[in-house]
Structure formats: structure tokens, C-alpha cells
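So the sequence shown is numbered by our numbering: it starts at 535 and just counts up by one.
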Amino acid sequence: MGSTPQPRRGNTRQRIQDVAMDLFAQQGYEKTSLREISEQLQVTKAALYYHFKTKEDILISIFEDLNRPVEELIAWGQEQPRTLETKKEILVRYSEALKAVTPLFVFMQENQATVRELSIGHTMKNRVVALVDLVKDPDAPLVDQVRCFTALFAMHAGMLALKDSEGDPDEKRKAALEVAFELVTKAHDHEPGPAA
């Protein structure tokens with residue numbers, strides 16, 4: 535044989551993930567069966583079960599693989615000083631990480647009810663909270679906390695809400711990053727918001 539078992543397992547695992555994500559995106563997570571995934575791959579269900587026992591196992595593996603850079607960013611950010619420059623670097627790195635996981639975020643947006651019920655929903659919420667904690671000061675007033683949450687959601691909106699609007703995806707991502715910079719800078723400087 536010309537190759538070792540390990541690369542074949544890795545290639546098969548990746549193919550399963552790719553096919554499953556395509557089917558989840560086309561017809562929804564709930565309406566996709568393991569049988570359909572195995573048929574699309576032209577493998578037996580037993581071969582599929584060798585790698586993944588459930589659809590949730592497949593989805594979790596996709597989520598973990600694609601979000602590894604976010605976990606690494608959180609670990610890096612926790613070791614850095616809480617300067618404005620660090621906060622901006624965190625936003626830049628997060629923007630790059632989001633670019634790589636666009637298909638997963640689109641899936642999560644379009645399948646919110648399902649994601650809430652699965653373990654990845656809870657994990658994703660915790661990661662967003664961890665990122666917000668990195669860009670806000672620990673004793674930040676409520677208005678600044680909202681600015682920091684909004685900064686991250688502006689970046690998500692740049693990826694999701696603007697995906698169907700005209701324009702270059704990188705330009706939309708840069709515009710969302712600019713808005714995030716403005717919000718985090720204002721929060722860092724503790725500028726008061728407009729009077730109510």
C-alpha cells in the first residue's frame with residue numbers, strides 16, 4: 535500500500551466534515567441524516583460510524599477544528615497587558631479567525647434553535663464572553679461593557695449580515711473592524727455616552 539492508515543483517516547474525516555457541512559447548509563441540520571452523509575460520500579454507514587457516531591459529533595468536530603484559532607487567540611490575549619494596542623490586536627486576530635470560519639458561522643446563524651440545544655451553542659457563548667473580557671476593562675461601566683460586546687457583534691454582522699450585500703468581502707470585514715476599533719477605543723478611554 536502506498537500510504538499509511540493515519541493520512542487516510544485524516545482525509546476521510548475532513549471529507550465527512552465537508553460533506554456534512556454542505557448538507558447541513560443546504561437542508562438544515564435537523565433534516566440531514568447520517569445515511570445521507572454516507573451516501574453522499576459513497577461510503578457505508580459503518581465507515582462513517584468509525585469516525586463519528588452522531589451528527590452532533592461531526593458538527594462538534596467541525597466547530598472545534600475551525601475555532602482552534604479563536605481558542606489560541608483567547609489564550610494569547612489572557613497573557614497580554616490590557617492596553618488599547620493589545621485590544622486592537624485581539625480584534626484584528628479575531629477578524630482573521632472569523633474569515634476562516636465563515637461557513638460555520640453562517641450555519642450557526644441559520645440554525646440558531648438547533649445550535650442552542652447542542653453543546654457548541656454553550657461553548658460559543660463562553661468564547662464570545664472570554665473575548666469580550668479581553669477587550670473590556672475589568673471595572674468597565676455598563677455602557678463600556680455594551681460597547682465591547684457591540685464591537686464583537688459588529689464584526690459578526692460584517693461577516694453575516696453583509697454577506698449578501700454588494701461589495702468585496704475583505705472591504706466589508708475591514709469596515710466592521712474599523713467600527714469595532716471605534717467602539718473599543720471609546721470604551722478604553724471611558725468616554726461617556728450621549729445623555730439620555
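In this text, a Cβ means the ideal position worked out from N, Cα and C, and glycines have one as well.
Would you call residue i buried or exposed, if buried means 16 or more other Cβ atoms sit within 10 Å of its Cβ?
i           : result
residue 722 : buried
residue 745 : Given a span of 535 to 730 for the chain in the structure shown, any question on residue 745 remains unanswerable.
residue 607 : buried
residue 545 : exposed
residue 711 : buried
residue 673 : exposed
residue 554 : buried
residue 539 : Low confidence applies to residue 539: its pLDDT is 35, below 50, so where it sits in the model is not reliable, and the reading given next is rough at best. Looking at its Cβ environment, which holds fewer than 16 other Cβ atoms inside 10 Å, residue 539 is exposed.
residue 676 : exposed
residue 565 : exposed
residue 587 : exposed
residue 678 : buried
residue 648 : buried
Closest to residue i by C-alpha separation, out of the options, would be which residue?
i           : options            : result
residue 716 : 618, 578, 582, 610 : 618
residue 563 : 650, 679, 676, 689 : 650
residue 603 : 612, 628, 588, 556 : 628
residue 713 : 681, 586, 638, 698 : 681
residue 642 : 677, 594, 679, 586 : 594
residue 612 : 554, 645, 663      : 663
residue 568 : 647, 560, 592      : 592
residue 534 : 547, 574, 548      : Past the edges of the chain, shown from 535 to 730, lies residue 534, and the structure says nothing about it.
residue 665 : 616, 548, 576      : 616
residue 590 : 691, 551, 692      : 551
residue 609 : 547, 690, 661, 626 : 661
residue 693 : 578, 638, 559, 560 : 638
residue 548 : 571, 690, 691      : 571
>> Going residue by residue through the segment 662-703, where are the continuous alpha helix (DSSP H) segments of at least 4 residues, counting only ones entirely within it?
In response: 676-693
>> Assess contact between the segment 618-631 and the segment 667-675, defined as three or more Cβ pairs (one per stretch) separated by less than 8 angstroms. Is contact present?
In response: yes
> Would you say the segment 565-585 touches the segment 598-618, given that touching needs at least three Cβ pairs under 8 angstroms?
Replying inline: With the cut-off at 8 angstroms, the segment 565-585 and the segment 598-618 do not touch.
>> With three or more beta-carbon pairs closer than 8 angstroms as the criterion, would you say the segment 628-640 touches the segment 701-711?
In response: yes
> Are at least three pairs of beta-carbons, each pair with one atom in the segment 650-660 and one in the segment 682-691, less than 8 angstroms apart?
Replying inline: no
>> Report the start-end ranges of each alpha helix (DSSP H) in the segment 583-667 that is 4 residues or longer and not cut off at the edges.
In response: With a minimum length of 4 residues, the unbroken runs of alpha helix (DSSP H) contained wholly in the segment 583-667 fall at 589-612, 618-634, 636-644, 646-651.
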